[in-house]
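Down below is the structure, laid out as structure tokens.
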Amino acid sequence: MPMHRLPSVLAPASISLPFNRLVVFGDSYSDTGHNFNLTQGKFPPSPPYDKKYSNGPVWCEYLAKNLGLTLENYAEGGATTDNNFVQGHTSPANLPVNGIYQQIQKVYLPTNPSTASTALYALFSSGNDFHVDKLLSANHSALNLLRAVSLLRSSLPTARHFLLFRSADLGNLPYFHPQAAGLFHHPFRSTLERGVATTVSAKFNENLNAYTREYKQKNPEIELTVFETDKLFSGLDKQGEKYGFQNVKQQCVALDGRRFVPQGEIASHFYWDSVHVTTKGHELLAGEVAKALGEVYEGKA
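Here the working numbering is used: the first residue of the sequence shown is 11, the next is one more, and so on.
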């Protein structure tokens, strides 16, 4: 089996990885064009978007390229963790999309994948579940991600490598800034205050950590990495300029009449719109995920 080595700029050392494919399930933070094709090129509006929910490549594209992995992406913007819990939708037309569980069950598994042992399965949910009871969702959405991992494991017994993501502090989204221009309906719109959004994010992370610990204890043969998205995003408040971000609070694109137009220098912004990050932000995220994987797999491949 070929080993793939982490570039030294992304990891503390050159680490061999026991997988050569990155298989992604998720929402708009990972969507690389599904919704654009679903809406026949109408959404997200491109330009200024790049047929995805940013102005360029998103984290999984950067990660796959940097690590030399083949990318398989099943993410759909607007996805929840499970449509049986909360149905996800996208675009002004409110089109239904597959949840993460359904992306696995109805789209990926029917392809009869045969190389699960050499795949890293990434499941990334950024909070679309929170349209219902907020604290209840924080519990169920974390549990749903582990149910999705269990579905992969029961269907593909050789699957060994999994990557989950903690939630960023949703209270820090530019959406809550007084001048935010919202193209996207967000579950916190006019129903949650910023402080409650922060509380829900923290509760989700607490539940995800607990469920992950329990799952790993029962399944010691797998490697399940949980990336601390919250620490990375929150740390930019003090370290943004270290990574070239002069603005880590406000969105880059603003509504000008009926069109969204970038305001100022795009490269200086971490956030692209009121919810999503710029491609430069995605590049940073990918680099930090690569470092985390390097720390997990050092000496194990």
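All C-beta atoms, glycine included, are put in the ideal place defined by N, C-alpha and C.
Between the alpha carbons of residue i and residue j, how many angstroms are there, rounded?
i           : j           : result
residue 247 : residue 44  : 32 Å
residue 252 : residue 65  : 21 Å
residue 116 : residue 164 : 15 Å
residue 225 : residue 234 : 9 Å
residue 169 : residue 297 : 24 Å
residue 276 : residue 54  : 18 Å
residue 264 : residue 76  : 31 Å
residue 293 : residue 167 : 32 Å
residue 304 : residue 217 : 25 Å
residue 57  : residue 102 : 17 Å
residue 125 : residue 307 : 19 Å
residue 255 : residue 272 : 15 Å
residue 29  : residue 70  : 15 Å
residue 274 : residue 249 : 20 Å
residue 207 : residue 228 : 32 Å
residue 84  : residue 212 : 27 Å
residue 42  : residue 60  : 9 Å
residue 245 : residue 231 : 33 Å
residue 313 : residue 215 : Examination of residue 313 is not possible in this model, given that the chain is present from 11 through 311 alone.
DSSP puts residue i in a beta bridge; with which residues?
i           : result
residue 257 : 279
residue 272 : 263
residue 235 : 173
residue 132 : 34 and 173
residue 106 : 99
residue 210 : None; residue 210 has no bridge partner.
residue 287 : 281
Taking the CB atoms as reference points, tell me whether residue i and residue j lie closer together than 8 Å.
i           : j           : result
residue 154 : residue 89  : no
residue 176 : residue 239 : yes
residue 96  : residue 133 : no
residue 129 : residue 68  : no
residue 184 : residue 284 : yes
residue 73  : residue 302 : no
residue 243 : residue 182 : yes
residue 146 : residue 222 : no
residue 151 : residue 37  : no
residue 210 : residue 144 : yes
residue 109 : residue 91  : yes
residue 86  : residue 107 : yes
residue 173 : residue 237 : yes
residue 171 : residue 118 : no
residue 48  : residue 105 : yes
For the ligand ZN, is there any heavy atom lying closer than 7 Å to the beta carbon of residue i?
i           : result
residue 245 : What this structure holds is no ligand at all, so the ligand ZN is not there to describe.
If you run the structure through DSSP and keep just helix, strand and coil, what is residue i?
i           : result
residue 77  : helix
residue 83  : strand
residue 26  : strand
residue 299 : helix
residue 159 : helix
residue 200 : In this prediction, residue 200 scores a pLDDT of 47, lower than 50, which makes its location untrustworthy; no coordinate-derived value is stated.
residue 117 : helix
residue 187 : coil
residue 306 : helix
residue 148 : helix
residue 50  : coil
residue 137 : coil
residue 222 : helix
residue 111 : helix
residue 12  : Note that residue 12 scores a pLDDT of 39, beneath 50, so its modelled location is shaky and nothing firm can be said.
residue 59  : coil
residue 166 : coil
residue 178 : coil
residue 127 : helix
residue 94  : coil
residue 65  : coil
residue 41  : coil
residue 122 : coil
residue 217 : helix
Within 8 Å of any Cβ in chain B, is that where the Cβ of residue i sits?
i           : result
residue 263 : You won't find chain B in this structure, because it holds only one protein chain.
Would you please state the rounded distance, in angstroms, between the beta carbons of residue i and residue j? I believe it to be under 8 Å.
i           : j           : result
residue 262 : residue 279 : 4 Å
residue 35  : residue 113 : 5 Å
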